[in-house]
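Read top to bottom, the protein sequences are chains S and L. Numbering-wise, our numbering puts 65 at position 65 of the first sequence, and it's gapless, one number per residue. Numbering-wise, our numbering puts 1007 at position 7 of the second sequence, and it's gapless, one number per residue. Backbone N, C-alpha and C define an ideal beta-carbon position, used for all residues, glycine too. All values derive from a computational prediction rather than experimental measurement. Worksheet: the structure to be examined is printed underneath.
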Amino acid sequence: GENVEQHPSTLSVQEGDSAVIKCTYSDSASNYFPWYKQELGKRPQLIIDIRSNVGEKKDQRIAVTLNKTAKHFSLHITETQPEDSAVYFCAAMGGGNQFYFGTGTSLTVIP
Amino acid sequence: DAGVTQSPTHLIKTRGQQVTLRCSPISGHKSVSWYQQVLGQGPQFIFQYYEKEERGRGNFPDRFSARQFPNYSSELNVNALLLGDSALYLCASSLAQGGYQPQHFGDGTRLSIL
């Protein structure tokens, strides 16, 4: 089955700086890669996603890049704000239409 | 429109008991998936149902079972509860199965086993 690895596990940045979270996957059949933000005690919220036929996607301060050859994808958050503090999960949809999640990155934005 | 709703929000059981968790998908969504999220980890896939049929199963023992009803709501059943079953159980719905179908999560059921 699919194996998704996510790094780093914790990340602290100063407000206004950029944050980058990286994930790798193992199943070359995976073709859809969403990112979720989960605040403490709340549901995971979809923040951005990318399909395997696209290399980059941007939505305001958030962008995702995908390198299919290397089997890795990354989340980029620019101009970070305190409300960006949360746990972020990457995921990959494998060949069996199942979602496999990374272990999460706890992002802290320091005012 | 209401999002994915799950009930109950919290549940306390003892070892050996059985539990049923419920999920109502977003209106119009026909696919429901169940996940187990242990504290500090990412959600682990348990089941996916689409059009009332099981379409995927994760690496969980047979003590875990689920079903989907004609109105697309779903139940997750866990028998012979173990301490290790303590977790947040998340339900997610999507319009259909496969393809580029984003999943939308409910708030989860927090299950504690004593």
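Sequence-distant residues of its chain with Cβ nearer than 6 Å to residue i (five each side left out)
i: G1042 of chain L; result: none
i: A63 of chain S; result: H76
i: L1088 of chain L; result: Q1037, G1108, R1110
i: G1 of chain S; result: none
i: N3 of chain S; result: S26
Cutoff 9 Å: residue i Cβ touching any chain L Cβ
i: D84 of chain S; result: no
i: Q45 of chain S; result: yes
i: V64 of chain S; result: no
i: G102 of chain S; result: yes
i: A91 of chain S; result: yes
i: F99 of chain S; result: yes
i: D49 of chain S; result: yes
i: Q6 of chain S; result: yes
i: N3 of chain S; result: no
i: N67 of chain S; result: no
Beta-carbon neighbours of residue i, restricted to chain L and to distances below 7 Å
i: P34 of chain S; result: P1102
i: G55 of chain S; result: The contacting residues do not exist; G55 of chain S stays about 15 Å from chain L at best.
Residue i - partner residues in DSSP beta bridges
i: I77 of chain S; result: S:A19, S:I62
i: P34 of chain S; result: S:D49
i: F1069 of chain L; result: DSSP, once it has assigned bridges, lists no residue as partnering F1069 of chain L.
i: Y88 of chain S; result: S:K37, S:T105
Any chain S beta carbon closer than 9 Å to residue i
i: L1090 of chain L; result: yes
i: P1043 of chain L; result: yes
i: V1032 of chain L; result: no
i: Q1019 of chain L; result: The identity of residue 1019 of chain L in the sequence shown is Val, whereas the question assumes Gln. Not an interface residue.
i: Y1035 of chain L; result: yes
i: Q1048 of chain L; result: yes
Cβ shell of residue i (< 7 Å), same chain only, five flanking positions each side left out
i: E79 of chain S; result: G16, R61
i: E5 of chain S; result: C23, T24, G102
i: Q1068 of chain L; result: V1032, Y1049, K1052, S1074
i: N31 of chain S; result: R51, S52, M93
Interface residues of chain S facing residue i [CB-CB closer than 7 Å]
i: F1105 of chain L; result: R43, P44
i: G1028 of chain L; result: Per Cβ cutoff of 7 Å: no residues; G1028 of chain L is ~17 Å from chain S at best.
i: G1108 of chain L; result: R43
Beta-carbon proximity check, residue i vs residue j, cutoff 9 Å
i: S1086 of chain L; j: V1032 of chain L; result: no
i: F73 of chain S; j: Q1103 of chain L; result: no
i: K71 of chain S; j: S26 of chain S; result: yes
i: H1029 of chain L; j: S1112 of chain L; result: no
i: G1106 of chain L; j: L1090 of chain L; result: yes
i: G1056 of chain L; j: F1047 of chain L; result: yes
i: Y1035 of chain L; j: A1080 of chain L; result: no
Cutoff 8 Å; reference residue i; Cβ partners in own chain excluding five residues on either side
i: T108 of chain S; result: T10, L11, S12, V13, S85
Within chain S, the residues that residue i reaches when beta carbons sit closer than 8 Å
i: G1058 of chain L; result: Q98
Any non-hydrogen atom of the ligand HEM closer than 8 Å to residue i Cβ
i: Y1050 of chain L; result: With respect to the ligand HEM, the structure shown offers nothing to examine, as it has no ligands at all.
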